[in-house]
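Enquirer: Take this structure first; my questions come after.
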Amino acid sequence: MPGRELAEKVSGLYGEIYYSDLGPFDPLAYVSALYEVASSFSADIAVFPCTGKGRVLAGLFSAKNSRSTATDVYRVESKKNSLVVRRLVYGGKAEASLELNLPATLCLLQGSYAEAEANLASRINKVSKQNQSCRVEFIPKKVEGIEPDKAEVVVVGGRGIRTKEDLKMIIELAGILKGAWSVTRPLAVDEGWSETWIGITGLTVSPKLYIGIGVSGQPHHMMGARSSKIVVAINSDRNAPIFEECDYGIVGDLYVVVPEMIKRLKNVK
Ligand SMILES: Cc1cc2nc3c(=O)[nH]c(=O)nc-3n(C[C@H](O)[C@H](O)[C@H](O)COP(=O)(O)OP(=O)(O)OC[C@H]3O[C@@H](n4cnc5c(N)ncnc54)[C@H](O)[C@@H]3O)c2cc1C
Numbered sequence: 000m001p002g003r004e005l006a007e008k009v010s011g012l013y014g015e016i017y018y019s020d021l022g023p024f025d026p027l028a029y030v031s032a033l034y035e036v037a038s039s040f041s042a043d044i045a046v047f048p049c050t051g052k053g054r055v056l057a058g059l060f061s062a063k064n065s066r067s068t069a070t071d072v073y074r075v076e077s078k079k080n081s082l083v084v085r086r087l088v089y090g091g092k093a094e095a096s097l098e099l100n101l102p103a104t105l106c107l108l109q110g111s112y113a114e115a116e117a118n119l120a121s122r123i124n125k126v127s128k129q130n131q132s133c134r135v136e137f138i139p140k141k142v143e144g145i146e147p148d149k150a151e152v153v154v155v156g157g158r159g160i161r162t163k164e165d166l167k168m169i170i171e172l173a174g175i176l177k178g179a180w181s182v183t184r185p186l187a188v189d190e191g192w193s194e195t196w197i198g199i200t201g202l203t204v205s206p207k208l209y210i211g212i213g214v215s216g217q218p219h220h221m222m223g224a225r226s227s228k229i230v231v232a233i234n235s236d237r238n239a240p241i242f243e244e245c246d247y248g249i250v251g252d253l254y255v256v257v258p259e260m261i262k263r264l265k266n267v268k
């Protein structure tokens, strides 16, 4: 989406907006544009999303400004001249608390904070075009149906699914719930059954409802789903870690539970 159009779309959410039409992602050009904005007023805190691009930009931006930096942040408290942040470490297995001197740069985990309350943007400003130093092209992955990181319902299949053919019931369930489907990393990367997967190396989702089917709930995966409002787990092993994190759990064979759910949900419709 062109910069101006995007800026107008989000104008209800933020006080003042700067935009720039920089073209394909060029980290150095993007950081120069951010630096130009940040230099125009002394911002104490710079916030980036905890995505691949967000992390790259946060690192370059901090290096340029010699700022203290924290990634994977999910809570922030303000002190007089510092910030106390909580962040996930060791792939989400532990949490750490850090005190950062200002100015600071933060990478916030998606879904940690609800959208800012609406207040009309007072100004939309354009940042001058920066010199492109290199050209990095990101080719979006082809996703059938709704994209998981934009969906209100996400149904995820794990290694409990035995064949690619069986994945169809996950896709069908997601369709009935008007949601998106995805898988755990082994099914995407090792088996090649999906272009997307959820987790620390994949997508971060924050739907109203996440359903993990045949998913054990390892931290690398759950880190991408932790901001879901309601987590439902279906697993035949009652000791699976996902049962420690879910709101509703069904201990059972997915090959029995999922077809039954599909049948009943179709009847509800
Ligand atoms: C550096 C690193 C990064 C990683 N990043 C990611 C990531 O981003 N995303 C990710 O997902 N993983 C990631 N992983 C892998 C991760 O650690 C786990 O290995 C993976 O998430 C496990 O996937 P799974 O739950 O599908 O499989 P498993 O852990 O094998 O679990 C399968 C589950 O299915 C259940 N099951 C089996 N049969 C049935 C049945 N018939 N009915 C019901 N339940 C059944 C089993 O009880 C089991 O709990 C990463 C690993 C590393 C080392």
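Under numbering that gives the first Met the number 0, think of the first position of the sequence shown as 0, with each following residue one higher. Just so it is clear, CB atoms sit at the ideal spot from N, CA and C, and this is done for glycine as well. Because the structure is a prediction, the values reported are computed rather than measured.
Please determine, among Thr-104, Tyr-89, Gly-58, Ala-62, the residue with the shortest C-alpha to C-alpha distance to Val-75.
Expert: Within the sequence shown, residue 75 is the residue found at index 76, counting from 1. Answer by Cα proximity: Thr-104.
Enquirer: What are the start and end residues of the beta strand (DSSP E) that includes Val-152?
Expert: Taking the sequence shown and counting its residues from 1, the one referred to as residue 152 is at position 153. That run of the beta strand (DSSP E) goes 152 to 156.
Enquirer: Going by Cα to Cα distance, which pick from Leu-59, Gly-211, Tyr-73, Val-55 is closest to Ser-235?
Expert: Along the sequence shown, read from residue 1 onward, the residue named residue 235 stands at position 236. Answer by Cα proximity: Gly-211.
Enquirer: Between Lys-163 and the rest of its own chain, which residues show a CB-CB distance below 8 Å, the 5 nearest in sequence each way excluded?
Expert: Walking along the sequence shown from the start, residue 163 turns up at place 164. The residues are Glu-190, Trp-192.
Enquirer: Closer than 8 Å is the cut-off here; do at least three beta carbon pairs connect the segment 167 to 184 with the segment 80 to 91?
Expert: As far as the Cβ criterion goes, the segment 167 to 184 does not touch the segment 80 to 91, which means the pair count is below three.
Enquirer: Quick one: residues in its chain with C-beta nearer than 8 Å to the C-beta of Lys-63, no 5 flanking neighbours on either side, listed in chain order?
Expert: Counting from 1 along the sequence shown, the entry for residue 63 is found at position 64. Closer than 8 Å at Cβ, skipping near neighbours: Val-30, Tyr-34.
Enquirer: Could you tell me which uninterrupted alpha helix (DSSP H) segments, each at least 4 residues in length, are contained entirely in the segment 50 to 91, listed from first to last along the chain?
Expert: As far as the segment 50 to 91 is concerned, its whole alpha helix (DSSP H) runs of at least 4 residues are 51 to 64.
Enquirer: If you count every other CB in all the chains shown that lies within 10 Å of the CB of Asp-148, and 16 or more means buried, which is it?
Expert: Taking the first residue of the sequence shown as position 1, residue 148 is located at position 149. With 16 or more other Cβ atoms within 10 Å, it is buried.
Enquirer: For Pro-48, name the three-state secondary structure that DSSP assigns.
Expert: Walking along the sequence shown from the start, residue 48 turns up at place 49. Pro-48 falls in the strand class under three-state DSSP.
Enquirer: Cutting at 7 Å between CB atoms, please list the residues of its own chain near Val-204, excluding the five before and the five after it.
Expert: To locate residue 204, count along the sequence shown from 1; it is residue 205. Correct list, in chain order: Pro-147, Asp-148, Val-153, Ile-197, Gly-223, Ala-224, Ser-227.
Enquirer: Since Leu-202 contacts Gly-157 with CB under 8 Å, what's their CB separation in whole angstroms?
Expert: The residue labelled residue 202 in the question sits at position 203 within the sequence shown. The residue labelled residue 157 in the question sits at position 158 within the sequence shown. At roughly 15 Å, the Cβ-Cβ gap does not stay under 8 Å, so Leu-202 and Gly-157 are not in contact.
Enquirer: Check each candidate in Ile-229, Glu-194, Val-256 and name the one with the smallest Cα separation from Gly-213.
Expert: Residue numbering aside, residue 213 sits at position 214 when the sequence shown is read from its first letter. Taking only the C-alpha atoms, the option nearest Gly-213 is Val-256.
Enquirer: Is the distance from the Cβ of Tyr-209 to the Cβ of Val-182 below 8 Å?
Expert: The residue given as residue 209 occupies position 210 in the sequence shown. The residue given as residue 182 occupies position 183 in the sequence shown. The answer is no: Cβ separation not under 8 Å.
Enquirer: Classify Ile-169 as helix, strand or coil using the three-state DSSP reduction.
Expert: Numbered from 1 along the sequence shown, position 170 holds the residue referred to as residue 169. The answer is helix: DSSP assigns Ile-169 an H, G or I state.
Enquirer: Can you name the residues that DSSP bridges to Thr-104?
Expert: The residue given as residue 104 occupies position 105 in the sequence shown. DSSP lists Ala-45, Thr-68 as partners of Thr-104.
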